[in-house]
Structure formats: C-alpha cells, structure tokens
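Asker: Quick note, the sequences are listed as chains A and B, same order.
Residue numbers for the first sequence follow this note's numbering, beginning at 1 and rising by one.
Residue numbers for the second sequence follow this note's numbering, beginning at 1001 and rising by one.
There are 2 protein chains.
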Amino acid sequence: MAVTRRTSRDIRSESRLDVLHALLAAGEASRGDLAAETGLSNATVATVVSDLLEGGIVTEARLTSGRIGRPTTTLRLNGNRGRIVGVDVAETYVRATVFDSALDELFSAEVATDEHDRDPDSVIDGIVRALDTALEGAHATRDEVLGLGISLPGGMQRWAEVSLVVPNPTWHHVDRLRERIDLPIVVDNPLKAIATAELWFGEGRRHKSMITVNLGTGVGAGIVLEGTILRGAQNYAGEWGHSLLAIDGRRCRCGRNGCVEAYVGAAGIQQTLAAIAPEHRLASEHMQREFIEALAAALAPPAPDPAVTETIERTARYLGSAIADLVAIVNPEMITLTGWTAWALGDHLVPAVRRRVMREAPGDAAADLPIEVSTVRGNSVATGIATIALERFLGDVGLVTTRVPTAL
Amino acid sequence: MAVTRRTSRDIRSESRLDVLHALLAAGEASRGDLAAETGLSNATVATVVSDLLEGGIVTEARLTSGRIGRPTTTLRLNGNRGRIVGVDVAETYVRATVFDSALDELFSAEVATDEHDRDPDSVIDGIVRALDTALEGAHATRDEVLGLGISLPGGMQRWAEVSLVVPNPTWHHVDRLRERIDLPIVVDNPLKAIATAELWFGEGRRHKSMITVNLGTGVGAGIVLEGTILRGAQNYAGEWGHSLLAIDGRRCRCGRNGCVEAYVGAAGIQQTLAAIAPEHRLASEHMQREFIEALAAALAPPAPDPAVTETIERTARYLGSAIADLVAIVNPEMITLTGWTAWALGDHLVPAVRRRVMREAPGDAAADLPIEVSTVRGNSVATGIATIALERFLGDVGLVTTRVPTAL
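(1) Can we say the segment 379 to 392 of chain A touches the segment 180 to 187 of chain A, given the rule of at least three CB pairs closer than 8 Å?
(2) Any C-beta of chain A within less than 9 Å: which residues of the segment 1303 to 1332 of chain B qualify?
(3) Could you tell me the alpha carbon to alpha carbon distance between B:Ile1292 and A:Asp368, rounded to whole angstroms?
(4) Which residues in the same chain have their Cβ closer than 6 Å to the Cβ of B:Asn1214, if we skip the five residues on either side of it in sequence?
(5) Is the Cβ-Cβ distance between B:Glu1261 and B:Gly1268 less than 8 Å?
(6) If contact is defined by three or more beta carbon pairs under 8 Å, each pair taking one atom from either stretch, is the segment 68 to 86 of chain A in contact with the segment 28 to 35 of chain A?
(7) Suppose you measure from the CA of B:Thr1113 to the CA of B:Tyr1093; what does that come to, to the nearest Å?
(8) Between B:Ala1102, B:Val1089 and B:Phe1099, which lies nearest to B:Val1128 when the distance is taken from Cα to Cα?
(9) Quick check: B:Glu1372 and B:Gly1320, are their CB atoms within less than 8 Å of each other?
(10) Does the beta-carbon of B:Thr1341 have 16 or more other beta-carbons within 10 angstroms, so that it is buried, or is it exposed?
(11) Between B:Glu1391 and chain A, is the shortest Cβ-Cβ distance under 8 Å, so that the two count as touching?
(12) Starting from A:Thr383 and walking both ways along the alpha helix (DSSP H), at which residues does that stretch end?
(13) From the DSSP output, in three-state form, read off B:Leu1177 for me.
(14) Find the nearest neighbour of B:Glu1285 within the set B:Ile1276, B:Pro1301, B:Ala1266 and B:Ala1303, judged by alpha-carbon distance.
(15) If you compare alpha carbons, which of B:Ala1366, B:Arg1317 and B:Thr1315 is closest to B:Asn1331?
(16) Suppose the cutoff is 7 Å on Cβ atoms and the five residues either side in sequence are ignored; what does the same chain contact list for B:Leu1244 look like?
(17) Would DSSP call A:Gly126 helix, strand or coil?
(18) Return helix, strand or coil for A:Ala300, following the three-state DSSP convention.
(19) Whole angstroms is fine: what's the gap from B:Leu1282's alpha carbon to A:Ala233's?
(20) Between B:Arg1081, B:Val1049, B:Met1334 and B:Leu1345, which lies nearest to B:Val1357 when the distance is taken from Cα to Cα?
(21) If you run the structure through DSSP and keep just helix, strand and coil, what is A:Met358?
(22) Given this structure, state the Cα-to-Cα distance separating A:His21 from A:Pro306, to the nearest angstrom.
(23) For B:Glu1360 and chain A, any beta-carbon pair shorter than 8 Å?
(24) So, at 7 Å on beta carbons, what are the nonlocal neighbours of B:Thr1064 in its own chain, with the 5 sequence-adjacent residues on each side left out?
(25) Can you pull the chain A residues whose beta carbon is under 7 Å from the beta carbon of B:Arg1256, in chain order?
(26) Who pairs with A:Arg62 in a beta bridge, going by DSSP?
(27) Does any C-beta atom of chain A lie closer than 8 Å to the C-beta of B:Glu1198?
(28) Who are the Cβ neighbours of B:Gly1204 in its own chain at under 8 Å, not counting the five residues just before and after it?
(29) For A:Ala246, go through chain B and note every residue whose CB falls closer than 9 Å to its CB, in chain order.
(30) Between which residues of its own chain and B:Thr1393 is the CB-CB distance below 6 Å, once the five residues before and five after are set aside?
(31) Closest by CA to A:Lys192, which one among A:Gly384, A:Val400 and A:Pro302?
(32) Taking just the CA atoms, how far does A:Ala275 sit from B:Ala1160?
(33) Rounded C-beta distance between B:Ile1329 and A:Ile329? I'm assuming under 8 Å.
(34) What does a CB cutoff of less than 8 Å around B:Thr1217 pick up in its chain, not counting 5 residues either side in sequence?
(35) Thinking C-beta only, is A:Phe107 closer than 8 Å to A:Ala134?
(36) What are the residues in the segment 337 to 353 of chain A lying within 8 Å of chain B by C-beta distance?
In structure tokens form, the structure reads like this:
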C-alpha cells in the first residue's frame, strides 16, 4: 500500500513535538502543566521530558513551591544546546538570523542582492556573507551551529523557460552550497517555512487545520492539515499564488496569465494603482517594499489618497475572492496573513477581505472563519526555516521521526 | 492541543481497513497474499483476519494447494453478512442501489424527481420509493440492511438565499428522514462519496494523495491525502467547482460569478456551445445528460460537428486550467475524472486537458501526473456512499475507528 503507516515510534515522536510546542508557547512549565496543555498522560509526559532532558533539548528551570504539596520543577527549552540559523533568500536580499536552541532570536544580518544577477555563485556568496555576518553579530562560531535552514522560492523552479526569480539556479547548485558551507543544511521553500512558523509560534498551536497566506513580492499559502504541513507529491502544494483569479487575465511573472499573484503581489497592487491613476507618483516607485509602505502612509487621516483608497478596495476584493477559493477547496479552521504587505496594509485590507470571503465562500464555510494578520512577527520565513532545521536536528539525534521530508 | 492524536487502536483499525481494501481488490486472497499486499506482518494479518472472521465480515473461501507445502485457506469478504444500500440524490433523480456486504451490486432503482419541486417531503418520498423498489428487486428486506448511505449535495446548503439545488432542505429535515426510515443512516455529500469509491475501488489503492474530479450537473473534487478524505472544518473541502475560473465571469447557480462549474458543468458546456453557435440544435436541448451524450455522438467520424469540436476544445481548456489550479494548491500524485460528462466525453477531453495542465501547473508538478477517466464505473456516488455506510457499520461493531466523522 502506498499509504504511510503510523507506528508507535511516530506516536512517541508526536508526543515529543507536542511537548516541545507546549513548552515553546509557555516559556516555562511544569510536567503537570505540560500534561494539561497537551492532553498527554502524566506518565507519557514524564517519559518524553526525560528523553528531552537526556538529549539536552530541555533543561530544568527552577523549583517553584505552590501553596500546597511538594515543590515542583519547571522546565524550559535549553537555549545553550547550540545555535540554529535560518536564511531567507528573497528576490532582493538574503537575510540570515541566528537563534539559540530555544529558538530565541540572537542576531540578524541582511545582505542586499542584485535581482538582475542570476549567477548561482552570487546567490551562494550572498548566503555565505549573510551567515558569517550574523554569526559574528551573535558571537557564535560555525562549530556551534546545530542546523542551517535555507528558504528558497523553489516552487518556481523550471516553471518558465527562463525564470524571473533569482534563486532558481541555486536549487540545481545545492551541492556547491554544501561544499562552501560544511554544516547540516536543509533547504525548503518559503511557504513551508511560514507554515512551520505559524505551527510552532502562531495559530497552529490552536487550530489543527489552518492556512497562512504570504503576501509580498511572491504570493502563496502555507497549508496545515491535522497539524501537518501539506507538501504534496513534489513539495508544490500551496502555490495558490499561481492559481487563476482570471483566465486570460494579467500576465504573471511565472509565465501564466491571470494568477492570483499578478493581482495581489506587490507588483500586481502597483499595476492596479496604475490602472486607476496612471500618473500617480507611486505608480512608478521602483522599490516594492517602499511602494507598499508608501501606500500605507498615503491612507493616513485626515486626507487619505483617493486613488490609493480605491487601490486597496480593489486589492481586498481580489484577495477576498482568491481566499474564498482556498476556503472552497480546503475549508480550513483559520486563515492568517503574513509577509510585509500584510504587515503594512493588513489593517486596511482585512475587514474588506473578511466581508468578501464571507460572501463568496461556499455555504457557511466562512461564517465563523477567523481571518487575521499573523501574530508571528519578525521575519517569519527565517524563523520557520530555522524551526525546520531544528526539527531536522531533532530527527538526526533520534528524538523525532519526520514522516514528510523537507525539500532537500 | 487541537490535533487529533493517533492511538494504537487507530493503528489496529487502519490495519483492518488495509486488509479489507486488499481483499476487495483481490476478490480472494490468502493470509500470505494479504501480508504481501498490505506490507503488514504475518502476525498482524493473522490477528486482523481473526477479528474480521469473528465479526462475520470475512469468510473462508476455499482450500488451495500449491505445489509445495501445506494447503492454504483463501479468504474473501462475506457477502451474506447483510445488505448495504447507497442512495444518490441528484438534481433530477434519486437512485438507490442495493449491495451485498461484500459490496457487490445486487439491484438498482431510479426514481425521477421534479427539479422544480423543492418540498423536502417530496425528496424524502423519492428516497423511500427508490429504496423500497431497489430492495424488492434485490429480494431483500429492510431487516437485512446493515447500513443506508444517502448522498446529498450538502456543500450547497445555505449557499444562496434560495438555492437552485433541490435537496438542500432535506439536510434540515434529516430527522424526518430518520422517522420515515428506521435504519442506520449516514448522510454525506457526493464529493466525499466519489472519493471513497476511488479510495476503495479505484486509484486510491495505489496512490496516497489523489483527486477525483466529478463532472456532471455539479462539479467538484474528492480530495484524498495520506489515504484519508479531506473534509475540512465543515465538510466543504473539495468545492472546487465553486472556486473561480474567471473573476466577474459567468453567473453560477450558486450565486457567485465565474465559478469553474459555470464553465465545465453540463449547463456551462451548453453555454459554451451557445456562444459558438447560438442556433445549434443542441444549444436548446433541455435534458443535461441527453445534451452531453449528443455531444459525444456529434464528434463521431467521419464528419465531426465543427461547433461541437470547438466546444470540446474550449471546455478542455477551461477544465485544464481549473485542474492546474488544483495541482498548484494540492499537488496530488494522480487525478481521475468521474461523473457522466467524464464517461461520455472523457476520451475527447482528456488529451487536451493533460496538455493544458502540464503547461499551466507550477514547475514540474504535472510532469508525471496521471490524469485519467476513473476506472470506478457504475454509479460511483451510490457505490461510495454505500461504502461509507459499510465503514460506519464496521465502526458500530467496533472493528474500525472513524477519526473523521461523516457529515451526519
């Protein structure tokens, strides 16, 4: 049978992950708290905690005494086990973030990259420079690094004959990357990274099925079902940004016409503004993030820019319709929005998006569906890919079985 | 934690289902064959078979002697355990099919319904009449019925203010249905039924993630992930027929504009023909199934009808684009097409659909993606909903734990 079989080893692994998630959420907790939070028995929690203590993943925090009974030892993640690095390779920058082994952020370094330079060695150089700068800032050495996660927009590989997305060639040159950086590397794409960040740090702790929508240059969806990230047969699942909003619609950089991204990606929003007010000063802003932030500024009272207001209304309509499609196909319990467009424009977009989704999703599928800007802040791609690297490390030391492999 | 926890009881239940699936596929098999087919150990198969024999679900077929060693007992599903009935409530008919407990079809009866009569009692009357006629034809009594599965297009409930889909009110009158029919009833929607049929009788046995696209009056997708049907938070998952192909496009009967169904549902295909050749005789054919079958006839050599040829080309383009969206979001291993449009027009549609999906799906997600007309024939909705009723019966007698409940 093709279906993956769960074993009791997987169940142990899941219990360990549940305890780690609960500990990450609480910061500090007793074994009793962990049992209450995870629904695991006291005996299971005791065994799991013992495994995690032995592996140096968890440490005893302090002895607390309640009003009655014996004092209790609280536990927390062990930040001194080593360092984890998450690298977000984006269209216009490479950002490396060093975390301690409790996933607390220590230092971040960003290297600008030239989006017209598609030479894989340049991308690899950018990764190495960002990594070394971030490690230096965190007073850490490569020896201390337990895992290095690298996020590349890999869903785009071989999409078009010549891709407009910089990092594609890197996928084919990951061996060269490993030669340059002799560390345990995992490579995955940003959708899987943001879904992982949401799963560990955001709404994923409260909802078993959930979608995180990423809005920036690229657009996509991190889909979590039954607590597990949906990857699909070749790790393409979630490429909703390249599903249709309008057959024969706007040209998308992926080569298809009418994709969701061509309407709600940063360049798409700019195209909407240009259609409303061709002479608008922001219609020719060259930097995408600056464009999005300028839109937010232009909406401020007392005199919000009418062309920008109209742009936001149309964008909310496009986004709401496209999210209603996700609801029709996947019917999640919760949707969060992330990425710099969501952070800058979320307050302006969300109420109208909610109304649209409610109207267009099938039946009452959206009646009680929360749609919110994600509470995971900072660079959620870096956080998520670092978490994937930590999960891989936990797998390498035998504490976790990963049923679904990362991309590379 | 919101995530459902797997227990060793679930694992036993999965082993039993695996053995039943394998037995259903093979017809007759020895314990050794079942171990080889399922990947379960000989000891597990022996225990599972003993449970199923004791429950009367499986029976010993005969003693076969190989060339060497002791003779072997083969097993098969026990068709005499009782009867299972599957009822497909569609827009224009109610069809009840009686199966034996090995899911072999015994007798089918169809009752025409008036699609303008939305009185729930009329729908319930139709169900009762079809049920009784089918039981009579199968020489069976109600006492022998282990389970009755009823498929209603429930995804449409409360969709529009006044729905155009007949059976909606029935959902709210399921108690009245239970009063009229004192049998163990399960109600679910056709997408879940076709996915179940594919899982037990079709490609689901070979692929862990798979989508079955239903093409008829309604359009939708049965999504199977990791061997489990995706239901979503409120059982709406798979309502891809009501995701957008074209924002602000054709009016859909669900109330939204531009839905996939408005282009590739039977009425949508007719609208395409009417756009190409408004005076075409088939553009005014009132019966949808007759219309689809007449299209197939009109494509026959030596002189295929040019307007119909053009209609098929456009429909393949719409369907291919919409399936590429499913691939972008879910990235399945396999796609099958079912429903009477697929059976009548599949040979004409599939090659062009495949080309379109290959071109429009992200990266190489569709490079090796099989897209085929489903091998599950007959009424796959009735077969699937009967299978759901059988699963429910297996649950009631304690042989299977159903983690994801049926709709009602």
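In this text, a Cβ means the ideal position worked out from N, Cα and C, and glycines have one as well.
Model, not experiment: these values are computed from the prediction.
Answerer: From the atom records:
(1) yes
(2) Arg1317, Tyr1318, Ser1321, Ala1322, Ala1324, Asp1325, Leu1326, Val1327, Ala1328, Ile1329, Val1330, Asn1331 and Pro1332
(3) 39 Å
(4) Ile1194, Gly1220, Thr1338 and Gly1339
(5) yes
(6) yes
(7) 5 Å
(8) B:Val1089
(9) no
(10) buried
(11) no
(12) Ser380 to Asp396
(13) helix
(14) B:Ala1266
(15) B:Ala1366
(16) Gly1258 and Cys1259
(17) helix
(18) coil
(19) 41 Å
(20) B:Met1334
(21) helix
(22) 45 Å
(23) yes
(24) Pro1071, Thr1072 and Thr1074
(25) Glu360
(26) A:Thr74
(27) no
(28) Ala1195, Glu1198, Met1210, Val1224 and Gly1227
(29) Leu1244, Leu1245, Ala1246, Ile1247, Asp1248, Gly1249 and Gly1258
(30) Contrary to the premise, residue 1393 of chain B reads as Phe rather than Thr in this sequence. Once the five neighbours on either side are set aside, the close Cβ partners of B:Phe1393 are Leu1146 and Gly1147.
(31) A:Gly384
(32) Legend: pLDDT at B:Ala1160 = 31, less than 50; position of this residue unreliable, no value from coordinates given.
(33) 6 Å
(34) Ala1090, Glu1091, Thr1092, Gly1265, Ala1266, Ala1267 and Gln1288
(35) yes
(36) none
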